[in-house]
Amino acid sequence: MSENSALPPRRSSKPAAGSSKKAKKTKKPRRWLRILFTLFGLVIVGLAVYVGSLVNEANKALGKVAAKPGTAAGDTPLNDADKAQVKPIALLLLGLDYRHETGSKNTDVIMTAVFNPKSKTATVVSVPRDSLLGVANYKKHKANAYYANFLSIARSKEKLKDDDADQYAREQTRELMSKFFEIPIDYTAVIDFQGFVDVVDALGGVDVYVDQNMIYKDNADGTDINLKKGDQELNGIDALGFVRYRKSNHGKTPESSDFERNDRQSRVLGAIIDRMKSFGSLPKFDNVIEAVGENMRSDIPKAQITNMLTTYFGISKQNVRFIALEGTWRSPYVYLDEAKLEEAKKALEEERQPTGRALTSTDEASQAAQD
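If you use the numbering used here, the sequence shown corresponds to residues 591 to 961, in order.
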């Protein structure tokens with residue numbers, strides 16, 4: 591036996607074959623963690639940049655939509671008591687039928703809405719476009735002609751131009767409708783039909799039940815309505831045709847009344863509310879902001895628009911009560927049913943109360959019938 595045989599084996603200075611692999615394995619998770627954290631950080635930074643640009647675009651759009659600086663509405667500070675989070679807001683919404691081909695500026699959609707922050711509810715009353723309105727100290731006209739008439743007065747008598755003329759027409763129409771409904775209407779918003787088309791397209795369409803076949807073509811202004819009865823997902827152009835359809839110039843499709851058209855307007859508005867609640871894509875929201883900014887004008891202060899968005903964004907369709915005024919058609923006017931009109935006035939006044947209104951089974955059944 592050699593003299594070294596009793597000594598323990600000498601430990602090699604080189605690591606064992608398996609130990610280097612183990613060392614490497616302990617380092618790999620840390621390296622991957624660093625990579626994951628880096629990627630996560632890049633995503634967060636990218637998202638922050640995108641959201642920042644989205645907020646910037648939203649601010650630009652609000653600047654276009656809101657009351658302009660230099661006007662009474664644009665320059666008057668908003669008191670805390672008047673903020674949409676606290677006070678019920680009454681809004682006149684006008685859908686402008688402006689066509690380059692004909693130069694018309696009639697308001698084919700006329701809605702008065704009251705929003706209540708306490709109950710998170712709203713009441714929307716739509717007025718048939720051909721309604722003959724009788725308001726003290728105003729000449730009788732069809733409801734859809736007043737805005738265009740005020741715009742003509744602004745340009746011819748008041749010598750106003752562009753935005754100033756539009757502002758005058760909005761203010762005068764709001765004053766008229768305040769007297770008609772016997773409530774103070776706070777603001778007016780006007781959106782042209784292209785804006786309606788762009789908003790629906792930005793939302794990816796709307797789901798509605800088309801109650802009848804509809805065909806109407808007019809080469810003079812480019813109208814081309816061709817819809818089939820049944821459940822449909824409509825794009826912007828088809829949704830516009832659906833809410834505007836009244837006459838048929840095709841023997842196989844029936845005509846439609848002003849009252850049926852008002853009902854369809856309410857249905858599509860409800861469908862838009864549903865899409866606004868359900869879509870979760872920031873790019874879609876970006877497109878909606880752009881569509882509204884390019885095609886809507888109002889006398890609502892910018893800060894108040896922000897207040898209204900934060901207070902009512904995501905409101906349930908079941909919390910919105912739609913009321914379409916009814917009457918009798920005797921060409922060329924709709925003569926409104928006075929009892930129905932009084933009911934609508936009472937509903938708007940109820941929504942204006944500080945406590946708002948409680949949802950009833952009738953409201954829910956009415957909404958279920960529209961779904």
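Ideal placement from N, C-alpha and C gives every residue a C-beta, glycine not left out.
Local conformation of A914 per DSSP, three classes: strand
With H, G and I counted as helix, E and B as strand and the rest as coil, what does DSSP make of F705? Strand at F705.
For G831, does the three-state DSSP call read helix, strand or coil? helix
R887: buried (16+ other C-beta within 10 angstroms of its C-beta) or exposed? R887 should be labelled buried.
Could you compute how far the alpha carbon of L817 sits from the alpha carbon of V715? 26 angstroms
Using only the alpha-carbon positions, how far apart do Q943 and K867 sit? 26 angstroms
Just checking my contact of F740 with Q762 at CB under 8 angstroms: how many whole Å lie between their CB atoms? 4 angstroms
Does DSSP put Y902 in a helix, a strand or coil? Correct three-state label for Y902: helix.
For V717, does the three-state DSSP call read helix, strand or coil? coil
For A680 and V699, which I take to be in contact (beta-carbon distance under 8 angstroms), what is that distance rounded to the nearest angstrom? Rounded, the Cβ-Cβ distance is 17 angstroms, inconsistent with contact.
Evaluate the contact criterion for the segment 664-684 versus the segment 887-897: three or more CB pairs, one atom per stretch, below 8 angstroms. Three or more Cβ pairs closer than 8 angstroms define a contact, and the segment 664-684 meets that threshold against the segment 887-897.
Is it the case that the Cβ atoms of N909 and T713 are separated by a distance below 7 angstroms? no
If you follow the beta strand (DSSP E) that S888 is part of, which residue opens it and which one closes it? 886-888
Do you know whose CA, among N839, G883, F770, lies nearest Q724's CA? The amino acid at residue 724 is misidentified as Gln; the sequence shows Gly. Checking every option, the nearest Cα to that of G724 belongs to F770.
Under 8 angstroms: do the segment 845-855 and the segment 877-887 share three or more Cβ pairs, one atom per stretch? no
Since A712 sits in a beta bridge, which residues does DSSP pair it with? F705, V910
Check E772 in the structure and name its three-state DSSP category. Three-state DSSP puts E772 in coil, outside helix and strand.
Quick one: does the C-beta of K730 sit closer than 6 angstroms to a heavy atom of the ligand GDP? Annotation note on the ligand GDP: not contained in the displayed structure, which lists no ligands.
Find the nearest neighbour of K837 within the set D782, R947, T813, judged by alpha-carbon distance. T813
Hey, could you find the ends of the beta strand (DSSP E) A779 is sitting in? 777-782
Starting from the C-beta of G946, find all residues in its chain whose C-beta is less than 6 angstroms away, skip the five residues before and the five after it, and write them out in chain order. N706, K708, S709, T711
Please classify A937: does DSSP put it in a helix, a strand, or coil? helix
Alpha carbons only, please: which of E823, M898, E772 is nearest the one belonging to D791? E823
Supposed close pair T901, A733 - CB separation, criterion 8 angstroms: Contact between T901 and A733 is ruled out by a C-beta separation of about 29 angstroms, above the 8 angstroms threshold.
Beta carbon of L750, beta carbon of A759: below 7 angstroms? no
Out of L684, I863, A656, S721, point me to the one whose CA is closest to S921's CA. S721
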